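Numbering (the working numbering), first residue to last: 440 to 993.
The beta-carbon is built from N, C-alpha and C at its ideal position, and this holds for glycine as well.
Please read all numbers here as calculations on a predicted model, not as lab measurements.
Presented below is the structure to which this report refers.
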């Protein structure tokens, strides 16, 4: 399902829910030549994933079924006969005519009735059809005053019907020549055309509003003619602009950046959350009355109206990624507030599917009796501390690559000075001494408490556990700075300035050594998730371990 189709369905869903109506799903499958295997199931899967659960239709039933048009052929034939009986339609026995020399590609030359079949009496037409078994289509007899009519659109207002000429290259059984001649309603094989079935179904299913793309505006006059022929009241029509790219070309199945623009691709290849996609699509062409663009389904229902911009809508993907970040952050905050990470399990699964699993680093970090019991727990920990930057699984793994492997060659070379002014110079050697003092300090809590040995905690305490470890790390660093530099001997002003300078330099130093200098979570959070032993390796070299550091405590 293309995102343009989902957007139109979303608008219908929002209007139905906003007005306490019912959202109906109907499978239009009368054109058997264009059917795609499993298309119906994939359509249902896409709608359900996006949160657009229909009130009536396939799988759920309803009072107006069946909801598959191929199961309603007898209904269309019955209504076609009623139009024949009233004189609003007639049997047409014309067959497609062709031009061109023998062997050349033939071209159909008329979409109209070239034998004036409408002048046949009912008896003559019935004789040709039933006694002589001549093939026929059923055509709508177009009213003579039809081109003087206007119809109302909820977005565009009063629309004047345009007069069009029949196409000289159109198949006589093609129903796309709307308003060109007496339009075919039923094909020679007895199946209805899309437009005829659509009008009959909308009336019988008591549809009150039809929201569709502007490419269907040309069909609306025909639909009005059919409602008039039956003596029915038409529903309200609202035509929304099409989705176009930045070159104002109709949106294709793939963006210029390679982004797959169908629902399955958005979900499986790009890792887009359902609430993100519906939020994004709702804002394309709809005049959101509120100031906040980050809206979940219930908020969209609450605010929805039919105030759309006229014309096509340019799709810019930057908004999609902004909304993805915002909604993921919402989910994680909700998980924290509810002490339950169930709401982020699908995000964890998407990351786990793309994550490396056989790096020597992960083998040391993850497993029974190690820092983390399994990869999912480890990914969950990282999500909790980096909640505002997630876009896709691939982007998340790239941004947080140092949590999954470590390459010392990627560590940037230390500058000559991390800080230098008239009163203070800080070098990498100075910072290394502070780090050693921090990691070997005899201050409570002992290193074992910072080492992450208690990481196999339950979900409801995990976030608090990491926050606690992060606080311990920062506290230990600050106290080590004060002790190592003997700041208490300076004036309060000098002590504060020196502490700030050292803290800023130290945070940069730690980020360079622990995460290649890449942006990411806070240093304390990062160290809490990596664990003390891994931090020691990255800061002091592989030859240093906790046992050696602990000797300094004795």
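Rounded separation between residue 870 and residue 979 - CA only: Near 12 angstroms, if we compare the C-alpha coordinates of residue 979 and residue 870.
Given 8 angstroms, three or more beta-carbon pairs between the segment 491–502 and the segment 453–472: Three or more Cβ pairs drawn from the segment 491–502 and the segment 453–472 lie within less than 8 angstroms of each other, which places the two stretches in contact.
Rounded straight-line distance, which links the Cα of residue 633 to that of residue 472: In a straight line, the C-alpha of residue 472 is about 13 angstroms away from that of residue 633.
Straight-line Cα distance separating residue 563 from residue 573: Taking the straight line from one Cα to the other gives about 12 angstroms.
Three-state secondary structure (DSSP) of residue 529: Of the three classes helix, strand and coil, the one that applies to residue 529 here is strand, per DSSP.
Per-residue DSSP class, three states only, for residue 574: Here residue 574 sits in coil by DSSP.
Local conformation of residue 870 per DSSP, three classes: Of the three classes helix, strand and coil, the one that applies to residue 870 here is helix, per DSSP.
Span separating the alpha-carbon of residue 945 from that of residue 768: C-alpha of residue 945 to C-alpha of residue 768: approximately 28 angstroms in a straight line.
Span separating the alpha-carbon of residue 600 from that of residue 660: Cα-Cα distance, rounded: 7 angstroms.
Spatial distance of residue 658 from residue 580 (CA atoms): When rounded, the distance between both Cα atoms is 16 angstroms.
Of the residues 440, 947, 758 and 950, the one placed nearest residue 691, counting alpha carbons only: If we check each option's Cα against that of residue 691, 440 comes out closest.
Simplified DSSP assignment, three categories, for residue 974: Residue 974 sits in a helix when the DSSP states are folded into three classes.
Integer Cβ distance of residue 824 from residue 964, believed to fall under 8 angstroms: Here residue 824 really is in contact with residue 964; their C-beta atoms are around 4 angstroms apart, less than 8 angstroms.
Bounding residues of the beta strand (DSSP E) (the contiguous stretch that carries residue 766): Under the DSSP assignment, residue 766 falls outside any beta strand (DSSP E), being part of the alpha helix (DSSP H) whose first and last residues are 757–776.
Status (buried if at least 16 other CB within 10 Å, exposed otherwise) for residue 896: Confidence at residue 896 is low in this model, with a pLDDT of 41, below 50, so its placement is unreliable and the value that follows should be read with caution. With fewer than 16 other Cβ atoms within 10 Å, it is exposed.
Selection from 482, 666 and 487 that minimises the alpha carbon distance to residue 528: Measuring from the Cα of residue 528, the nearest candidate turns out to be 666.
Status (buried if at least 16 other CB within 10 Å, exposed otherwise) for residue 709: Burial check for residue 709: the Cβ neighbour count within 10 Å reaches 16 or more, so the residue is buried.
Contact check, residue 752 vs residue 723, beta carbons under 8 angstroms: Contact check for residue 752 against residue 723 passes: the beta carbons are separated by less than 8 angstroms.
Residue 714 classed as buried or exposed, judged by whether at least 16 other C-beta atoms fall within 10 angstroms: By the neighbour-count definition (other C-beta atoms within 10 Å, threshold 16), residue 714 is a buried residue.
Between the CA atoms of residue 790 and residue 644 - distance to the nearest angstrom: Taking the straight line joining both Cα atoms gives about 44 angstroms.
Residue ranges of each alpha helix (DSSP H) within the segment 695–741, 4 or longer: Taking 4 residues as the minimum length, the alpha helix (DSSP H) runs contained wholly in the segment 695–741 are 702–707 and 713–721, in order along the chain.
Beta strand (DSSP E) segment containing residue 820, residue limits: It is not in any beta strand (DSSP E) - residue 820 instead sits in the alpha helix (DSSP H) that spans 814–824.
Alpha-carbon to alpha-carbon, residue 957 and residue 838: Near 8 angstroms, if we compare the C-alpha coordinates of residue 957 and residue 838.
Between the CA atoms of residue 650 and residue 676 - distance to the nearest angstrom: Straight-line Cα distance between these residues: approximately 6 angstroms.
Residue from 454, 457 and 481 whose Cα sits closest to the Cα of residue 466: Considering only alpha carbons, the answer is 481.
Per-residue DSSP class, three states only, for residue 752: It is a strand residue.
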